[in-house]
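*Asks:* Residue numbers 688 to 945, in the numbering used here, belong to the letters of the sequence shown in order. We put the beta carbon where it would ideally sit given N, CA and C, even for glycine.
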Amino acid sequence: MADLNVAGLAKKFGGIVALDGVSLTVKAGEIVGLIGPNGAGKTTVFNCISRFYTPEEGEIKFGGVDVLRLAPDALTSAGIGRTFQHAELFKTMTVEDNILIGLHNRAGRMNPLAYFVSIFTGVEDRTHRDAVNEIIDFLDLGEVRKAPAGSLPFGLQKRVDVARALVAAPSLVLLDEPAAGLTQGELEDLADLIRRIRDDLGVTVLLVEHHMNLVMGVSDRVVVLDFGKKISEGTPEHVQNDPAVVEAYLGGPLDAED
Ligand SMILES: Nc1ncnc2c1ncn2[C@@H]1O[C@H](COP(=O)(O)OP(=O)(O)OP(=O)(O)O)[C@@H](O)[C@H]1O
Ligand SMILES: [Mg+2]
């Protein structure tokens, strides 16, 4: 297991400063919450770590690995998985085939079509199917495994996205708003699930969420961004009582859920 160290990350989009010198650490085995108002830069941090974006400045180290030197398709092999704020599933493909995609980068730089041919005909089929079955059981997706992903309610699509991120057995997973679209009861299940991802699968978690009760309940530490800058970090209790955090949320109650 490895620590994630992000230092001095800067990213602009034209005139918009999305990240302005953001540093954060996630130690192996921790659950760390990353919060902040809309547009604070949370997803941009994920997009830099997962190599969708290249920051203008800063370093990202995962264990001994310089993440910014990795090709985007080497992230899975480096042990980093991520989910997407909008789930980004292949809507007409089944749930199980969407999850199988999460193993794609493990297979190297094969193009997706060649990869599909190999998994339906090749020797890798058995181990890949086993991995998919295990994660389907872990996330209780058995009943919908043959359903087209696009036919599922958004909350369930988000769970399929989590399965796709976990199927390659990463040591760190970046979860971008996994609670979006969930009912109150499902939110409580999600808190348990996030703990089980860490405790049962041994995966370190960096969690972006707007549901404050969830983040504060499940995180060992919380990092707060506002306008691309880190404004607070510490225990859930510390950040909830930090005047800078309350101010960033415009004095709104910290248990507000949007
Ligand atoms: N690809 C892009 N092109 C232009 N601007 C972008 C792009 N990605 C992000 N931004 C801008 O960067 C800033 C940070 O966006 P980001 O998506 O990281 O915020 P966030 O904290 O994830 O917000 P939310 O809680 O609404 O998801 C915003 O001003 C956003 O409009
Ligand atoms: Mg976002």
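Provide the residue span of the alpha helix (DSSP H) that contains residue 707, from first to last.
*Replies:* Within the sequence shown, numbered from 1, the residue matching residue 707 stands at position 20. Element bounds for residue 707: not the alpha helix (DSSP H) but the beta strand (DSSP E), 703 to 713.
*Asks:* In chain order, what residues of the same chain have a beta carbon less than 8 Å from the beta carbon of residue 765, not counting five sequence neighbours either side?
*Replies:* To locate residue 765, count along the sequence shown from 1; it is residue 78. Closer than 8 Å at Cβ, skipping near neighbours: 749, 752, 754, 757.
*Asks:* With a threshold of 8 Å (Cβ to nearest heavy atom), would residue 896 be considered close to ligand 4?
*Replies:* Among the ligands present in this structure, namely ligand 1 and ligand 2, ligand 4 is not found.
*Asks:* Return the first residue and the last residue of the beta strand (DSSP E) that residue 694 is part of.
*Replies:* Translated into the one-based positions of the sequence shown, residue 694 becomes position 7. Segment 691 to 700, the beta strand (DSSP E) holding residue 694.
*Asks:* Tell whether a beta-carbon distance below 9 Å holds between residue 736 and residue 897.
*Replies:* In the sequence shown, residue 736 corresponds to position 49, counting from 1. In the sequence shown, residue 897 corresponds to position 210, counting from 1. No; because the gap between Cβ atoms is not below 9 Å, this pair is not in contact.
*Asks:* Taking a cut-off of 6 Å, which residues have a beta-carbon closer than that to any heavy atom of ligand 1, in chain order?
*Replies:* Listed along the chain, these residues meet the criterion: 700, 703, 705, 723, 725, 726, 727, 728, 729, 730, 731, 772.
*Asks:* For residue 903, does the count of other Cβ atoms within 10 angstroms reach 16, so buried, or fall short, so exposed?
*Replies:* Residue numbering aside, residue 903 sits at position 216 when the sequence shown is read from its first letter. Counting Cβ neighbours within 10 Å, residue 903 comes out buried, since at least 16 surround it.
*Asks:* Considering only residues of the same chain and omitting the five flanking positions on each side of residue 934, which have a CB-CB separation below 8 Å?
*Replies:* Taking the sequence shown and counting its residues from 1, one reaches residue 934 at position 247. Taken in chain order, the list of residues that qualify is empty.
*Asks:* Let's test the definition: count the other Cβ atoms within 10 Å of the Cβ of residue 917 and tell me whether it reaches 16, buried, or not, exposed.
*Replies:* By 1-based counting over the sequence shown, the position of residue 917 is 230. With 16 or more Cβ atoms within 10 Å of its Cβ, residue 917 is classed as buried.
*Asks:* With a 10 Å radius around its C-beta and 16 neighbouring C-beta atoms as the bar for buried, classify residue 924 as buried or exposed.
*Replies:* In the sequence shown, counting from the first residue as 1, residue 924 sits at position 237. It is exposed - the Cβ of residue 924 has fewer than 16 other Cβ atoms within 10 Å.
*Asks:* DSSP three-state call for residue 814: helix, strand or coil?
*Replies:* Taking the first residue of the sequence shown as 1, we reach residue 814 at position 127. The answer is helix: DSSP assigns residue 814 an H, G or I state.
*Asks:* By how many angstroms is the C-alpha of residue 791 removed from the C-alpha of residue 852?
*Replies:* In the sequence shown, counting from the first residue as 1, residue 852 sits at position 165. In the sequence shown, counting from the first residue as 1, residue 791 sits at position 104. Each residue's alpha carbon lies about 11 Å from the other.
*Asks:* Going straight from the alpha carbon of residue 830 to that of residue 780, what length do you get?
*Replies:* The residue labelled residue 830 in the question sits at position 143 within the sequence shown. The residue labelled residue 780 in the question sits at position 93 within the sequence shown. Cα to Cα, residue 830 sits roughly 15 Å from residue 780.
*Asks:* Going by the CB atoms, is the gap between residue 776 and residue 844 shorter than 9 Å?
*Replies:* Here residue 844 is taken as the residue at index 157 of the sequence shown, counted from 1. Here residue 776 is taken as the residue at index 89 of the sequence shown, counted from 1. Contact: yes.
*Asks:* Taking the C-alpha atoms as reference points, what is the distance between residue 885 and residue 742?
*Replies:* Along the sequence shown, read from residue 1 onward, the residue named residue 885 stands at position 198. Along the sequence shown, read from residue 1 onward, the residue named residue 742 stands at position 55. For residue 885 and residue 742, the distance between alpha carbons rounds to 28 Å.
*Asks:* Please give the ranges of any beta strand (DSSP E) in the segment 707 to 789, keeping only runs that are unbroken, at least 3 residues long and fully inside the region.
*Replies:* Taking only runs of at least 3 residues, the beta strand (DSSP E) segments lying wholly in the segment 707 to 789 are 718 to 722, 744 to 749, 767 to 769.
*Asks:* Flag this pair as yes or no: are the beta carbons of residue 849 and residue 785 separated by less than 9 Å?
*Replies:* Counting from 1 along the sequence shown, the entry for residue 849 is found at position 162. Counting from 1 along the sequence shown, the entry for residue 785 is found at position 98. Not in contact: residue 849 and residue 785 (Cβ atoms no closer than 9 Å).
*Asks:* Can you tell me which of 932, 774, 930 puts its alpha carbon nearest to the alpha carbon of residue 841?
*Replies:* Stepping through the sequence shown from its first residue, residue 841 is reached at position 154. For the residues 932, 774, 930, the minimum Cα distance to residue 841 belongs to 774.
*Asks:* Using DSSP with H/G/I as helix, E/B as strand and the rest coil, what is residue 854?
*Replies:* Reading the sequence shown from its first residue, position 167 is the one you call residue 854. In the structure shown, residue 854 sits in coil (DSSP, three-state: anything other than H, G, I, E or B).
*Asks:* For a test of the three-state rule: what should DSSP assign to residue 638, helix, strand or coil?
*Replies:* Since the first residue shown for the chain is 688 and the last is 945, residue 638 is missing from the structure and cannot be characterised.
*Asks:* Measuring alpha carbon to alpha carbon, tell me which of 824, 836, 838 ends up nearest residue 854.
*Replies:* Along the sequence shown, one-based indexing puts residue 854 at 167. Of the candidates 824, 836, 838, the one whose C-alpha sits nearest the C-alpha of residue 854 is 824.
*Asks:* Please find out if some non-hydrogen atom of ligand 2 comes closer than 8 Å to the beta-carbon of residue 863.
*Replies:* Translated into positions along the sequence shown, residue 863 becomes position 176. Yes.
*Asks:* Please tell me whether residue 877 and residue 859 are closer than 9 Å, where the distance is taken between their beta carbons.
*Replies:* The residue you call residue 877 lines up with position 190 of the sequence shown. The residue you call residue 859 lines up with position 172 of the sequence shown. For residue 877 and residue 859, no; Cβs fall outside 9 Å.
*Asks:* Taking C-beta to C-beta, are residue 708 and residue 744 nearer than 9 Å?
*Replies:* Counting from 1 along the sequence shown, the entry for residue 708 is found at position 21. Counting from 1 along the sequence shown, the entry for residue 744 is found at position 57. Against a cut-off of 9 Å, the Cβ pair of residue 744 and residue 708 comes out as a contact.
*Asks:* Excluding five sequence neighbours on each side, which residues of the same chain lie with their C-beta closer than 8 Å to the C-beta of residue 771?
*Replies:* The residue given as residue 771 occupies position 84 in the sequence shown. Here the set comprises 848, 863.
*Asks:* May I ask you to report which of helix, strand or coil DSSP gives residue 833?
*Replies:* Along the sequence shown, read from residue 1 onward, the residue named residue 833 stands at position 146. Coil.
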